[in-house]
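Everything in the sequence shown is counted per my numbering, starting at 915 for the first residue and increasing by one.
Glycine is no exception: its CB is placed at the ideal position from the N, C-alpha and C atoms.
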Amino acid sequence: MTTIIDKLEKLDSRIIYILILIFTILPLVYPIGLPIPISSEVKQAYEFIEKIPSGSVVLIGDEFTAPSWTELGPSYIAVLKHLIKKDIKFVKMSYFSAEAPAAFDSMIKPRIQSYLDKYNYKYGEDWVDLGYLPGGEAALAAYASNIYVVPTDRYGKPLSELPLYQKLKSFKDFALVVELDPGAHLPEYLRQFQTTFGTPHITITYGVTKSAYIPYLASGQIKGMMAAIGGGAEYEQLVGSPGVASAGMDAVSTSHLLAAALLILGNITYIMKGGGRRKVK
């Protein structure tokens, strides 16, 4: 008679592939909300923004593009929701990624639109988009020395006519710089903004660059950091708005649990079948 052990030993590998597929896809469609530990650098970023007074203005160095969606997108969305919820105004610009404005329109703005509507956030009064500033690091230096070096916003409207921008006199009026970093651009932002004006920085970066930025965190040059999908999931939890990153971490956790269960079953099957026993001659 065939035992359960025999059936497990002869289990079709296709069943395992199907189980992995199910355990990966289901949490993405129906997020579980499994608890995840919050790293110190993400907590520091959250707490720093929490302390910024309502009505303050934050500059966002938006270098987000479509290929960086998984690593930067979730954190970007969570931070914007946090700013809007706290009534912190923001000005966004990019100097490296010419496609960043289009990526914002198609991938980020639709996901924060409900917050913009809920908190009555109006363009020109509560947030401004400067678009792409060509010129590399020289563009950052020029903007730091004169925030009106760009006379119009992304849509061609004079900055002097925008109520939010009328409140800004110089770069010192920004309470924080949030920099989205798909390619090791943080040092350029720090050189032009933090070193010159002492403006606090928070970075949203790739997982592979996290270790390179730890010294900036230790020195106090940046006040916090979100790296890759894990950092995004942690910030979503702190903001109380689980999104794609939290769902992604659920998928990682459930698929790993399945892998662990299969390993245990495999070892049990091996032992029950007499594997590893020394044969007596």
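Within the DSSP secondary-structure output, P1072 pairs in a beta bridge with T1066. If you check the CB distance, H1099 and F1018 do not come in under 8 Å. Secondary structure at T1113: coil, using DSSP grouped into helix, strand and coil.
Each of L1090, S968, P1072 and M1186 was checked against the Cα of A959, and the nearest Cα belongs to L1090. The beta carbons of S1028 and D1001 sit no closer together than 8 Å. Around the beta-carbon of L1044, 16 or more other beta-carbon atoms lie within 10 Å, marking it buried. When the five nearest sequence neighbours on each side are left out, the beta carbons in the same chain lying within less than 6 Å of the beta carbon of G1138 are those of E955, Q958, A959, F962 and I1116, in order along the chain. Contact between the region 935-944 and the region 1160-1175 is present: 3 or more CB-CB pairs across the two stretches fall below 8 Å. Here D1095 carries a strand assignment [DSSP, helix/strand/coil]. Per DSSP, the continuous alpha helix (DSSP H) segment holding A959 begins and ends at S954 to K965. In the DSSP assignment, S1008 falls within the beta strand (DSSP E) that extends over K1003 to S1008. Its chain contains I1026 as the residues whose beta carbon lies nearer than 6 Å to that of L994, once the 5 sequence neighbours on both sides are disregarded; these appear in chain order. Within the same chain, and ignoring the five residues on either side of K1124 in sequence, the residues whose Cβ sits closer than 6 Å to its Cβ are A1141.
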